[in-house]
Ligand SMILES: Nc1ncnc2c1ncn2[C@@H]1O[C@H](COP(=O)(O)OP(=O)(O)OP(=O)(O)O)[C@@H](O)[C@H]1O
Ligand SMILES: [Mg+2]
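Residue numbers (this note's numbering): 523 to 944.
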């Protein structure tokens with residue numbers, strides 16, 4: 523029989539290629555174990571955004587049912603990912619006078635409020651306010667301001683906003699499945715929590731989640747989020763290029779990509795041959811695998827060149843000492859890390875979700891980075907609210923690299939979503 527369990531943490535990754543539902547059981551503190559995973563192909567999204575509610579609802583229902591069955595529990599709510607080209611990231615800062623010459627929680631709250639006071643387009647709303655660092659008088663780089671003496675408190679933050687309609691549509695889909703949206707979390711931040719190490723975030727790292735519809739970027743330095751961006755090129759384009767280039771149906775092209783695809787032509791043996799089904803009644807052919815490589819390489823090259831341009835434009839190219847970590851389903855393509863290193867001139871590794879135990883054989887794959895990261899976000903949030911309710915918001919928020927227990931941003935976000943649906 524299914525049991526209802528308040529200790530469950532559920533991550534729901536509604537991607538362009540698949541919907542994944544990951545269920546974890548809290549083991550107390552920061553410990554949790556993954557006990558169920560459900561996955562279903564997704565057809566209702568384009569470039570990370572819901573375009574067909576009915577089929578998205580169906581895919582979510584299937585993925586959730588599968589996860590429920592595996593875990594033997596009933597799911598009532600989930601931490602849900604949000605992504606897409608409508609997401610914007612801004613760096614902002616706020617300044618306030620310290621009230622009693624010693625920074626209090628209230629001062630931190632006020633300075634965060636001051637930092638979030640930026641003008642954003644009317645159709646956008648705030649998803650995250652991520653603290654980067656505090657400054658007290660002229661002292662920079664303060665991480666835990668509470669209790670420190672001074673007269674002027676300054677905060678630097680990264681603000682993530684997203685289209686109101688996109689968030690509403692995701693919420694609508696999830697609620698139609700009878701589930702509550704506990705939080706909406708930017709997908710690359712979830713992925714980052716699942717695959718990056720604390721050292722990498724400290725030294726400087728660029729996380730690149732290459733999915734089906736979009737490639738999502740998050741840059742960390744000194745333990746905080748510095749920049750977020752979305753590039754509208756990912757695995758779907760590669761499949762499309764293969765379908766056109768080899769004149770084969772998209773389903774076959776996807777299969778060929780996964781079985782024989784390689785991002786770096788130099789890694790392919792000269793005499794390597796592969797079978798290609800033709801369109802219509804024509805018989806299948808055999809072609810050189812190098813031809814396939816020649817189709818894939820330029821697209822992936824274009825993607826990494828765009829990432830490089832983004833790193834240069836924002837001035838972070840020389841600041842990501844720990845290099846680049848690629849994740850997402852498309853990072854499984856052979857030769858991805860090698861090609862990325864060639865173009866970016868930075869060390870590149872493929873990141874798999876590694877911080878949570880349980881069901882490793884199913885979950886430890888780059889395609890589940892977001893789903894596992896959403897669970898981790900839920901876990902950290904729960905811990906923050908259980909262990910130190912609003913005690914030191916700056917610490918809690920920084921540890922999660924996400925706005926967590928302070929400021930009520932998420933409460934605002936949730937009430938914004940709820941108000942929108944009456
Ligand atoms: N072994 C593989 N080799 C190459 N590509 C792969 C492999 N496995 C999966 N992919 C590609 O990964 C993509 C799906 O990745 P992922 O599951 O991370 O996407 P998603 O989260 O559903 O999409 P998005 O995040 O863009 O909304 C597809 O384009 C798929 O073809
Ligand atoms: Mg994804």
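For every residue, glycine included, the Cβ atom is placed at its ideal position computed from N, Cα and C. These figures come from a predicted structure and were not determined experimentally.
- Considering only the beta carbon of each residue, do residue 595 and residue 647 sit closer than 8 Å? Looking up residue 595 in the chain shown gives position 73. Looking up residue 647 in the chain shown gives position 125. No, these two residues do not count as a Cβ contact at 8 Å.
- Message: Which runs of the alpha helix (DSSP H) at least 4 residues long sit entirely within the region 720-748? Give them in chain order.
- Response: 720-725
- Can you pull the DSSP bridge partners for residue 946? For the chain, the structure presents residues 523 to 944; residue 946 sits outside this window and is missing.
- Query: Is it buried or exposed for residue 709, if we count other Cβ within 10 angstroms and need 16 for buried?
  - Reply: Stepping through the chain shown from its first residue, residue 709 is reached at position 187. Label assigned to residue 709: buried.
- Task: Give the DSSP-derived three-state secondary structure of residue 908 in the structure shown.
- Result: To locate residue 908, count along the chain shown from 1; it is residue 386. Caution is warranted here: a pLDDT of 48 is assigned to residue 908, below 50, making its placement in the model unreliable, and the coordinate value is therefore given only provisionally. Note: residue 908 maps to helix in three-state DSSP.
- Would you identify the three-state DSSP class for residue 808, choosing helix, strand or coil? Numbered from 1 along the chain shown, position 286 holds the residue referred to as residue 808. If DSSP states are grouped into helix, strand and coil, residue 808 belongs with the strands.
- Sorry if obvious, but does the Cβ on residue 567 come closer than 7 Å to a heavy atom of ligand 1? Position 45 of the chain shown, counted from the first residue, corresponds to residue 567. Yes, the beta carbon of residue 567 sits closer than 7 Å to at least one heavy atom of ligand 1.
- Query: Between the C-alpha atoms of residue 677 and residue 637, what's the straight-line distance to the nearest angstrom?
  - Reply: Taking the first residue of the chain shown as position 1, residue 677 is located at position 155. Taking the first residue of the chain shown as position 1, residue 637 is located at position 115. Whole-angstrom Cα-Cα distance: 7 Å.
- Message: By DSSP's criteria, residue 701 is part of a beta bridge. Which residues make up the other side?
- Response: As a first step, residue 701 must be located in the chain shown, where it is residue number 179. None, per the DSSP bridge assignment.
- State the Cα-Cα distance for the pair residue 541 and residue 833, rounded to the nearest angstrom. In the chain shown, counting from the first residue as 1, residue 541 sits at position 19. In the chain shown, counting from the first residue as 1, residue 833 sits at position 311. About 30 Å.
- What do you get for residue 729, buried or exposed, if any count of 16 or more other CB atoms within 10 angstroms of its CB means buried? Your numbering for residue 729 matches position 207 in the chain shown. The residue is buried, with at least 16 neighbouring Cβ atoms inside 10 Å.
- Message: For residue 691, count the other beta carbons within 10 Å of its own beta carbon; 16 or more makes it buried, fewer makes it exposed. Which is it?
- Response: Against the chain shown, residue 691 aligns to sequence position 169. It is buried - the Cβ of residue 691 has at least 16 other Cβ atoms within 10 Å.
- Task: Please report how far the alpha carbon of residue 915 lies from the alpha carbon of residue 655, in whole angstroms.
- Result: Walking along the chain shown from the start, residue 915 turns up at place 393. Walking along the chain shown from the start, residue 655 turns up at place 133. Interpretation of residue 915 is limited by its pLDDT of 40, a score under 50 that renders its predicted location unreliable; no figure is taken from the coordinates.
- Query: Would residue 971 pass as a contact of residue 649 if the rule is Cβ separation under 8 Å?
  - Reply: Lying before the first or after the last residue shown, residue 971 is absent from the chain, which here runs from 523 to 944.
- Query: Excluding five sequence neighbours on each side, which residues of the same chain lie with their C-beta closer than 8 Å to the C-beta of residue 607?
  - Reply: In the chain shown, the residue the question calls residue 607 occupies position 85. If we look at residue 607 and ignore the five residues flanking it on each side, its Cβ neighbours are 569, 570, 571, 736, 752, 754.
- Three-pair Cβ contact test at 8 Å for the region 597-606 versus the region 692-709: yes
- Please state whether DSSP places residue 567 in a helix, a strand or coil. Mapped onto the chain shown, residue 567 falls at position 45. Residue 567: strand per DSSP, three-state reduction.
- For residue 622, three-class secondary structure by DSSP: Numbered from its first residue, the chain shown carries residue 622 at position 100. Three-state DSSP puts residue 622 in coil, outside helix and strand.
- Can you give the Cα-Cα distance for residue 726 and residue 845, rounded to whole angstroms? Here residue 726 is taken as the residue at index 204 of the chain shown, counted from 1. Here residue 845 is taken as the residue at index 323 of the chain shown, counted from 1. Spanning the two alpha carbons is a distance of roughly 7 Å.
- Task: Within 10 angstroms of the Cβ of residue 893, are there 16 or more other Cβ atoms? Answer buried if so, exposed if not.
- Result: By one-based count along the chain shown, residue 893 stands at place 371. Classification of residue 893: buried, given that the 10 Å Cβ count is 16 or more.
- Could you tell me the distance, in whole angstroms, from the CA atom of residue 566 to the CA atom of residue 584? To locate residue 566, count along the chain shown from 1; it is residue 44. To locate residue 584, count along the chain shown from 1; it is residue 62. Approximately 14 Å between the Cα atoms of the pair.
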